[in-house]
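Chains as they are written, first to last, in the numbering used here: chain V, 1 to 251; chain Z, 1 to 215.
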């Protein structure tokens, strides 16, 4: 036990325009380690396996319990959360790469603001402020609550975008997470009032039509959100909305 | 209601039309095409009778153009554009639906090329008139049999998987259970088309007429 070592290979770049360099680190194994502990160990003693002095690896992490989404990265090629990736379950050497579908900032840090911009573009919030007290909203049925809660667990980690064949430099596809949020806000009794705006946005460039049903998204969602169900449900909403507005001028 | 002024819906319209055109009219035409050709399994005389009937329908050229050639050209060309817009990643992520995504593209291009060959030889080189003997002559060549078998199997898969895709993309199959059911239905469609298509080739190749008892 005391001599057990683990090997971590990290894909590194100081700046996005720099050539990639792979660094290998050897760490002392301890029970219950996860990828974040590995990155902390590297930061403590940033010396590569071949004895070269390096620098701590840049990465994002917050909650360390798979509810914030910050530490999404490619671990042995799979997009997942570093905090819940336990070393005991990983093949060695552990290969760490930044998500590839987002602009790189440095090392394992990427800029996921595309997701926030797309949430804004698709009106994924419920306006409750007015110039006067709007009073209480309508009641939400328990059935709606039960459908909505799993969708509300989305942490915008970006795994579903990373794994999607249709999210790449050729498209502006918003990705499964955003479509699923549209479904969530459209089923809310107050959110329904703006359903048409959300669906209009999802019919624009990069909208729901870019989904080609590879169904990879649902395989990598750390929160187990039924993303393919959300996409199909919103597909139905969008088609009905399109037909109604085209034939009658309004939904 | 604020509407999406200035938001272009062109790609939404074309993508959904691409998905729909695969079912209607292309899938529907394929069903009709396989059905009519199955008359070869009744008798050469019956086949020739049906063929000449179809060859002399009124408005033949506009019907062929609007309901068959144009939809297939659009579906194929726009399909290639959709393919170009995606980056397959089935290596490393070999999940079932991810394989179907890749196979849908490869079978699509195979069928598109096959249809080009098929239409060129038995529609245009024959000046729109083919008889049982003509097709049987083609099918005497094992290479042509192989090309047809590949074309039919690829088309059957592409349509069956397309039925499943269509059910998801138009919101008819929403829950995982209904999507699985739609998937099985698509598989059934693929198997039925493949069996009928291969039976027709066998009919022409071996002068096999299992339905001649109907006569």
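In this text, a Cβ means the ideal position worked out from N, Cα and C, and glycines have one as well.
Residue 13 of chain Z, DSSP secondary structure in three states = Here residue 13 of chain Z refers to the residue found at position 13 when the second chain is read from its first residue. It is helical.
Original post:
In the segment 158 to 182 of chain Z, which residues sit with their C-beta less than 7 Å from some C-beta in chain V, listed in chain order?
Top reply: 165, 168, 169, 170, 171, 173, 174, 175, 176, 179
| field | Which listed residue (Z:189, Z:20, Z:180) has its alpha carbon closest to that of residue 34 of chain Z | value | Here residue 34 of chain Z is taken as the residue at index 34 of the second chain, counted from 1. Among Z:189, Z:20, Z:180, the Cα nearest to that of residue 34 of chain Z belongs to Z:189.
Restricting to Cα atoms, I'd like to know which of Z:152, Z:128, Z:167 is closest to residue 60 of chain Z.
The residue you call residue 60 of chain Z lines up with position 60 of the second chain. When the alpha-carbon of residue 60 of chain Z is set against those of Z:152, Z:128, Z:167, the nearest one is in Z:128.
Exercise for the section: List the residues of chain V whose Cβ lies closer than 9 Å to the Cβ of residue 84 of chain Z, in chain order. Expected result: Position 84 of the second chain, counted from the start, is the residue given in the question as residue 84 of chain Z. Going along chain V in sequence order, the residues near residue 84 of chain Z (Cβ under 9 Å) are 170.
Next on the checklist: Going by DSSP in three states, residue 25 of chain V sits in which element: helix, strand or coil?
Outcome noted: Position 25 of the first chain holds residue 25 of chain V. Correct three-state label for residue 25 of chain V: strand.
Next on the checklist: Ignoring anything shorter than 3 residues, give me the beta strand (DSSP E) runs that lie fully in the segment 136 to 164 of chain V, in order along the chain.
Outcome noted: none
Using only alpha-carbon positions, find the residue among V:244, V:24, V:176 that is nearest to residue 92 of chain V. Here residue 92 of chain V corresponds to residue number 92 of the first chain, with the count starting at 1. The residue with the shortest Cα to Cα distance from residue 92 of chain V is V:24.
Going by C-alpha distance, which of V:67, V:109, V:86 is nearest residue 97 of chain V?
As a first step, residue 97 of chain V is located in the first chain; it is residue number 97 there, counting from the start. Ranking V:67, V:109, V:86 by Cα distance to residue 97 of chain V puts V:109 first.
With DSSP as the reference, label residue 110 of chain V as helix, strand or coil.
Position 110 of the first chain, counting from 1, holds the residue named residue 110 of chain V. If DSSP states are grouped into helix, strand and coil, residue 110 of chain V belongs with the strands.
For this session: Answer yes if the segment 136 to 143 of chain Z comes into contact with the segment 197 to 207 of chain Z, meaning at least three C-beta pairs across the two stretches below 8 Å, and no otherwise.
Result: yes
In whole angstroms, what is the alpha-carbon distance linking residue 75 of chain Z and residue 8 of chain Z?
The residue you call residue 75 of chain Z lines up with position 75 of the second chain. The residue you call residue 8 of chain Z lines up with position 8 of the second chain. Between residue 75 of chain Z and residue 8 of chain Z, the C-alpha separation is close to 21 Å.
- request: Below 6 Å CB to CB, which residues in the same chain sit around residue 283 of chain Z once its five sequence neighbours on both sides are set aside?
  value: The structure shown does not extend to residue 283 of chain Z, since chain Z spans only 1 to 215, so no value can be given for it.
Practice item. Count the other C-beta atoms from every protein chain shown that fall within 10 angstroms of the C-beta of residue 99 of chain V, then say buried if there are 16 or more, exposed otherwise. Key: Residue numbering aside, residue 99 of chain V sits at position 99 when the first chain is read from its first letter. By the 10 Å Cβ count, residue 99 of chain V comes out buried.
Discussion item. Quick check on DSSP: helix, strand or coil for residue 39 of chain V?
Written reply: On the first chain, residue 39 of chain V is found 39 positions in, with the first residue counted as 1. Helix, per DSSP.
Problem set entry | Proximity test, Cβ basis, 7 Å: residue 235 of chain V and chain Z | The residue given as residue 235 of chain V occupies position 235 in the first chain. True, the Cβ-Cβ gap to chain Z drops below 7 Å.
**Q.** Close beta carbons around residue 212 of chain Z, own chain, < 7 Å, minus the five adjacent residues each side
**A.** The sequence position of residue 212 of chain Z within the second chain is 212, counting from 1. Cβ neighbours of residue 212 of chain Z beyond the five flanking positions: 42, 43.
Margin query: In the DSSP assignment, the alpha helix (DSSP H) including residue 237 of chain V goes from what residue to what residue?
Written below: Here the question's residue 237 of chain V lines up with position 237 in the first chain. Per DSSP, residue 237 of chain V belongs to the alpha helix (DSSP H) from 227 to 248.
* With respect to the alpha helix (DSSP H) encompassing residue 36 of chain Z, which residues constitute its N-terminal and C-terminal limits? -> Translated into positions along the second chain, residue 36 of chain Z becomes position 36. It spans 28 to 37 - the alpha helix (DSSP H) in which residue 36 of chain Z sits, taken as one unbroken run.
Practice task
Taking the CB atoms as reference points, tell me whether residue 113 of chain V and residue 151 of chain V lie closer together than 7 Å.
Solution key: Position 113 of the first chain, counted from the first residue, corresponds to residue 113 of chain V. Position 151 of the first chain, counted from the first residue, corresponds to residue 151 of chain V. Their beta carbons are not under 7 Å apart, which means residue 113 of chain V does not touch residue 151 of chain V by this criterion.
Note to self: Cβ closer than 7 Å: which chain Z residues qualify as neighbours of residue 219 of chain V?
What the structure shows: Within the first chain, the letter at position 219 stands for residue 219 of chain V. Those are 95, listed as they occur along chain Z.
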